[in-house]
Amino acid sequence: RKELFDGLAIVEQAECPEAHPVLRLDLSGQTYGRPEELTEVLDNHLSLWEKLYGANPTEHSPARRFWGIIRRACEQTGHRVVILIDEYDKPLLEAIDNEPLREAYRATLRGVYGNLKSCDACIRFAMLTGVTKFSKLSIFSDLNNLDDISMDAAYATICGITEHELDANFSVGIEELARHNRMSTEQVKVWLRKQYDGYLFEENAKNVYNPFSLLSALSKKKFNDYWFGTGTPEFLLKMMRRENFDLENLPNEPVDAAGFDALDTLNSNPLPILYQSGYLTIDHRDDMDNYYLRFPNEEVERSFLKQLLPLQIAKGQQPTNSLLVRIIGHIRQGRPEAFMEELQALLADIPYEQGKPGEIYFRNLMFTIFRLVGFYCEVEHPVSSGRSDVVIKTDKYIYVLELKVDQSVEAALQQIEEKKYAAPYAADPRKLFKLGVNFSTKTKQVDEWRIVET
649 RKELFDGLAI
659 VEQAECPEAH
669 PVLRLDLSGQ
679 TYGRPEELTE
689 VLDNHLSLWE
699 KLYGANPTEH
709 SPARRFWGII
719 RRACEQTGHR
729 VVILIDEYDK
739 PLLEAIDNEP
749 LREAYRATLR
759 GVYGNLKSCD
769 ACIRFAMLTG
779 VTKFSKLSIF
789 SDLNNLDDIS
799 MDAAYATICG
809 ITEHELDANF
819 SVGIEELARH
829 NRMSTEQVKV
839 WLRKQYDGYL
849 FEENAKNVYN
859 PFSLLSALSK
869 KKFNDYWFGT
879 GTPEFLLKMM
889 RRENFDLENL
899 PNEPVDAAGF
909 DALDTLNSNP
919 LPILYQSGYL
929 TIDHRDDMDN
939 YYLRFPNEEV
949 ERSFLKQLLP
959 LQIAKGQQPT
969 NSLLVRIIGH
979 IRQGRPEAFM
989 EELQALLADI
999 PYEQGKPGEI
1009 YFRNLMFTIF
1019 RLVGFYCEVE
1029 HPVSSGRSDV
1039 VIKTDKYIYV
1049 LELKVDQSVE
1059 AALQQIEEKK
1069 YAAPYAADPR
1079 KLFKLGVNFS
1089 TKTKQVDEWR
1099 IVET
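Each residue of the sequence shown is one higher than the one before, counting from 649 in my numbering.
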C-alpha cells in the first residue's frame, strides 16, 4: 500500500519496506470493574487473530493463546510480527483501589506481556503506550528487553509540535485565526503559546504544544479549553479527592527519577501520575536528579482546577462555571460581602462523607478558587512569608485577604496592619478592601469574616 504514503519522505526510499503482520491490542474504550471484563476484551482480540492465523485447542489461557498466535503469524507470513499495545495499563489503573482485582489483572497481563520476551525471535517491533509504569506490580518482571522512551531526549518532541514546526507548517492557520479574532499574527502566537505550549518531556529538550488543542484552536478559530473535553481518568479523580493533596506547594515538591515508577495505590505520590497523565510537565531537574514539575500552560491548569473544584465542594451544588461567574462578578463589582456569603454557603454544604475537613482542605479550596479567579482578574497568591495570602486586583478595586484556620478575624486583620500588606497600594486610586477570614475545622465553615474599606 505504498500509495498511502504519497507525498511523504518514505516514498523516496529505493525499496518499499517489507510488510509485516500487525497485532494491535487495544485496551482503551473499555471498563474493567469485573474480573471477567479483561478476559472478554482479550478473548475478542485473540479470537480475531486466530481466525487469521489459526488456533490450537491445547492453548487455553490468554497468555498461551497469544504465544501461539505470534508464532503462527510469523511462520505463515514469513515475516516477524509487529505488536502494538494501546493503554496497556488501563485495567490496572481502574482497579487501583481494589487490591484483589488489581492482583488478578496483574497476573493475567504479566503472562500476556511476557510473550514479548519469550517470542522475541518472532517479533520485529513492539510498542506499548499507557499512562504510567507499574514497577511494584511487576507486570514486566519477566521482561528485560523493553526500552522506555518516556523521558528520552531523542524522542522528547515526538508527541507534540515545536515552535519551529508551528512556524514552518501552520502559517496559514495562524493568519486565519488572527483575522477571525481581529488580532495580529504575533498576538495570536502569544496566545497560542500561553494556552497550549509548555510541555517538556526531557529537561534539556524543546517545549512542545499539545497537538490536539493546538489543531482544534486552528480549526475552530477559537482559543477554547479543548483539553477539558478529553476527560479525566477515574483513578486520577479518586487520587485528587485525597485531603492531604497540597496544591499550593505542588511546584516546590521534588520527585526523584525512581518516583515516576512507583505508582501502586491511591496513596502513591500524586505528582508522577499527574505528570504522566499530562496535567504537569517538567520544569527543571536539579543536581541530585530530582525533578520539579509545573502546569504546562493555562489551558491545562484551568481545566485541572475546574475538574478539581466539584470534588472539593458538596454534591448538588450548582455547576462549577456558574459558581465562578458569580464569584468573579462580585469581585469585579466591588461586593466583598456577597463574595464571602457565596463562599460560606458553599462550605456549609460539605457532605458528611468527606469527613472533618482540616486546614489543608480549606487552603486547597481557597487556592483552587483564587487560581481560577486569577484567569479573569489579576491575582497574586504569594507563598513566601511577609506577604498576604491573596491580593486580587480589578480595574476599580483591590482586595487584600488574610486567611486563618481556627483563629480569629482580629488576628487576620491585625496581621494585615502589622505586616503592612496594604502599604504598596496607598497611592492607588482604586478602592481597597481588607478582608480577614477565619475557617473553623469544628463547624466546617467560614465562621467569621470582617471587611475594612479604605
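Every residue, glycine too, gets a C-beta built ideally from N, C-alpha and C.
Given P944, which residues of its chain have a CB within under 7 Å of its CB, disregarding the five upstream and five downstream residues? G846, Y847 and T929
For K1090 and V948, the rounded distance between their alpha carbons: 34 Å
With DSSP as the reference, label D674 as helix, strand or coil. strand
Segment contact flag, the stretch 1070-1090 with the stretch 1037-1056, C-beta cutoff 8 Å, min 3 pairs: yes
Below 6 Å CB to CB, which residues in the same chain sit around L673 once its five sequence neighbours on both sides are set aside? H693 and I733
Nearest by alpha-carbon distance to V689: which of E666, F773, E735 and L956 is it? E735
Rounding to the nearest angstrom, what Cα-Cα distance links F639 and K1041 in this structure? Only positions 649 to 1102 of the chain appear in the structure, and residue 639 is not among them; the question remains open.
Among D768, Q724, N1012 and L957, the one whose alpha carbon lies nearest that of A667: Q724
Taking F1081 as part of the beta strand (DSSP E), name the residues at either end of that continuous run. K1079 to S1088
Secondary structure of D734, DSSP reduced to three states: strand
Determine the contact status of S798 and F849, defining contact as a CB-CB distance below 9 Å. yes
Looking at C722 and P683, is the spacing between their C-beta atoms short of 9 Å? no
Rounded to whole angstroms, what's the CA-CA distance from S695 to N704? Just pull it up for me. 11 Å
Can you tell me the Cβ-Cβ gap for I731 and A774, rounded? I've got them flagged as a contact below 8 Å. 4 Å
Which residue comes first and which comes last in the beta strand (DSSP E) that contains H932? T929 to R933
Expected contact under 8 Å - CB spacing of Q981 and Q1093 to nearest Å: Actually they do not touch by this definition, with Cβ atoms about 25 Å apart.
Considering only C-alpha positions, which residue in the set T805, D800, G1084 and F714 is nearest to R758? F714
In chain order, what are the residue ranges of uninterrupted alpha helix (DSSP H) at least 4 long that sit wholly in the stretch 771-831? 811-817 and 819-828
For T1102, the nearest candidate out of V1085, D1095, S1088 and Y1073 (CA to CA): Y1073
Member of N792, T706, A755 and K650 whose CA lies at the smallest distance from the CA of T687: A755
When the Cα atoms are used, what is the spatial distance from P920 to G907? 7 Å
If you follow the alpha helix (DSSP H) that N763 is part of, which residue opens it and which one closes it? N763 to S766
DSSP-derived helix/strand/coil call for L895: coil
From A1060 to Y844, what does the alpha carbon distance come to, in whole angstroms? 38 Å
Is K699 buried or exposed, if buried means 16 or more other CB atoms sit within 10 Å of its CB? exposed
Report the partner residues of L1061 according to the DSSP bridge assignment. The partner list for L1061 (beta bridge, DSSP) is empty, contrary to what the question assumes.
Residue interval of the alpha helix (DSSP H) (run including L1049): Premise fails: L1049 lies in the beta strand (DSSP E), Y1045 to V1053, not in any alpha helix (DSSP H).
Confirm, please, whether the CB-CB distance from E824 to N855 is below 9 Å. no
Please classify S1032: is it buried, with 16 or more other beta-carbons within 10 angstroms of its beta-carbon, or exposed? Confidence at S1032 is low in this model, with a pLDDT of 46, below 50, so the placement of that residue is unreliable and no value is reported for it.
Check I1040 in the structure and name its three-state DSSP category. strand
For I717 and G702, I'd like the C-alpha separation in whole angstroms. 7 Å
Output needed for H932: all residues of its chain with C-beta closer than 7 Å, excluding positions within five of it in sequence on either side, in chain order. E851 and Y940
With DSSP as the reference, please indicate the residues paired to D1076 in a beta bridge. Bridge partners of D1076: none, in fact.
Below 9 Å between beta carbons: does that hold for V1021 and I976? yes
Taking R712 as the reference, which of V729, R728, D691 and H727 has the closest Cα? D691
So the beta strand (DSSP E) Y923 belongs to, where does it begin and stop? Element bounds for Y923: not the beta strand (DSSP E) but the alpha helix (DSSP H), P918 to Q924.
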